[in-house]
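A.B. asks: Sharing a structure, written as C-alpha cells. Questions coming.
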Amino acid sequence: MHGALVDGYRNVNDLLLEALMSKRDTTKTAGENAPRGQDAQRAAASSIVLEEGYRPSDDEPFMNDRQRAYFRRKLLNWKEEIIRETRETLAGMYEDATQHADLADRATSETDRALELRARDRQRKLVSKIDAALARIDDGSYGYCEETGEPIGLKRLDARPIATLSLEAQERHERRERVYRED
Numbered sequence: 001m002h003g004a005l006v007d008g009y010r011n012v013n014d015l016l017l018e019a020l021m022s023k024r025d026t027t028k029t030a031g032e033n034a035p036r037g038q039d040a041q042r043a044a045a046s047s048i049v050l051e052e053g054y055r056p057s058d059d060e061p062f063m064n065d066r067q068r069a070y071f072r073r074k075l076l077n078w079k080e081e082i083i084r085e086t087r088e089t090l091a092g093m094y095e096d097a098t099q100h101a102d103l104a105d106r107a108t109s110e111t112d113r114a115l116e117l118r119a120r121d122r123q124r125k126l127v128s129k130i131d132a133a134l135a136r137i138d139d140g141s142y143g144y145c146e147e148t149g150e151p152i153g154l155k156r157l158d159a160r161p162i163a164t165l166s167l168e169a170q171e172r173h174e175r176r177e178r179v180y181r182e183d
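Taking full-length UniProt numbering, the leading residue of the sequence shown gets 1, the next gets one more, and so forth.
See the structure below:
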C-alpha cells in the first residue's frame, strides 16, 4: 500500500512539474535565422541592457523597449522562482512520503500533502498567466487594459505584472462579481 501511495504522489507531482516546465520561455538564440514579427520584438527586448536599479517611469513613453524588457525580465524571474520552489517542494514531498502507523499522523500527513498539491496547482495556473503576459509583451498588447484599451499604469504593473485590467476596470469587474454572487 505504501509503495502505491508514494507512486501515486510521484505521478501527480511528475505531471505537475512537467506542466510547469513545458511553459518555459522558448526565446530564439542569436545564431538562428533572423527573427520576424513577435520573434523580432522578443529579440529586441532581450538585447536591451537595463542598468542596475532601472525602474519604469511615467516620464518616458509608455511600454517602450526598456519597459517591455524590464517587465519581461521581471516575469521570467518570477516564473523561474516558482519553478524552483515547486522542485524543492516536490523533492521534500518525495522524502516525506513515509507511512505513519498512527491514523491521526497519517491523516495529518495526507492533509498536508493535499494542501501542498493545491498550492502547486495554483502556481501552475500562475505560470500560465505569466506565459500569457509574456505573449502580450511579444504581441505589443502588454500594459493595456483588455476591457478599455487604456494603459494599465506602471505602478500597477510593477506590483502585479500579470494584470490585464486597469484599476478602474478591475474594480468594476469585482463589483459585478459581487452582485452576481449575492443573487
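Positions of the beta carbon are idealized from the N, C-alpha and C atoms, including for glycine.
Remember, it's a predicted structure, so these values are computed and weren't measured experimentally.
Assuming contact is defined by CB atoms lying nearer than 8 Å, are R72 and I162 in contact in what I supplied?
C.D. replies: As a first step, residue 72 is located in the sequence shown; it is residue number 72 there, counting from the start. As a first step, residue 162 is located in the sequence shown; it is residue number 162 there, counting from the start. No, they are not a contact pair.
A.B. asks: Can you tell me the Cα-Cα spacing of M63 and W78, whole angstroms?
C.D. replies: Taking the sequence shown and counting its residues from 1, one reaches residue 63 at position 63. Taking the sequence shown and counting its residues from 1, one reaches residue 78 at position 78. Rounded to the nearest angstrom, the two C-alpha atoms are 20 Å apart.
A.B. asks: Using the rule of at least 16 other Cβ atoms within 10 Å of the residue's Cβ for burial, across every protein chain shown, is G149 buried or exposed?
C.D. replies: Along the sequence shown, one-based indexing puts residue 149 at 149. G149 comes out exposed.
A.B. asks: Do G153 and S141 have their C-beta atoms closer together than 8 Å?
C.D. replies: Numbered from 1 along the sequence shown, position 153 holds the residue referred to as residue 153. Numbered from 1 along the sequence shown, position 141 holds the residue referred to as residue 141. No, the Cβ-Cβ distance between G153 and S141 is not below 8 Å.
A.B. asks: Please state whether DSSP places Y142 in a helix, a strand or coil.
C.D. replies: Reading the sequence shown from its first residue, position 142 is the one you call residue 142. Coil, per DSSP.
A.B. asks: Look at M93 and E110 and say whether their C-beta atoms are less than 8 Å apart.
C.D. replies: Numbered from 1 along the sequence shown, position 93 holds the residue referred to as residue 93. Numbered from 1 along the sequence shown, position 110 holds the residue referred to as residue 110. Not in contact: M93 and E110 (Cβ atoms no closer than 8 Å).
A.B. asks: V179 to A119, Cα distance in whole Å?
C.D. replies: Sequence index remark: in the sequence shown, residue 179 carries index 179 (1-based). Sequence index remark: in the sequence shown, residue 119 carries index 119 (1-based). If I take the Cα positions, the gap works out to 28 Å.
A.B. asks: With DSSP as the reference, please indicate the residues paired to P151 in a beta bridge.
C.D. replies: Translated into the one-based positions of the sequence shown, residue 151 becomes position 151. In the DSSP output, where bridge partners are listed per residue, P151 has Y144.
A.B. asks: Going by beta carbon distance, what residues of the same chain come within less than 8 Å of L126, once the five residues before and after it are set aside?
C.D. replies: Position 126 of the sequence shown, counted from the first residue, corresponds to residue 126. Once the five neighbours on either side are set aside, the close Cβ partners of L126 are I82 and I162.
A.B. asks: Exposed or buried, what is L103 when buried is set at 16 or more other beta-carbons lying within 10 Å of its beta-carbon?
C.D. replies: Here residue 103 refers to the residue found at position 103 when the sequence shown is read from its first residue. Classification of L103: exposed, given that the 10 Å Cβ count is below 16.
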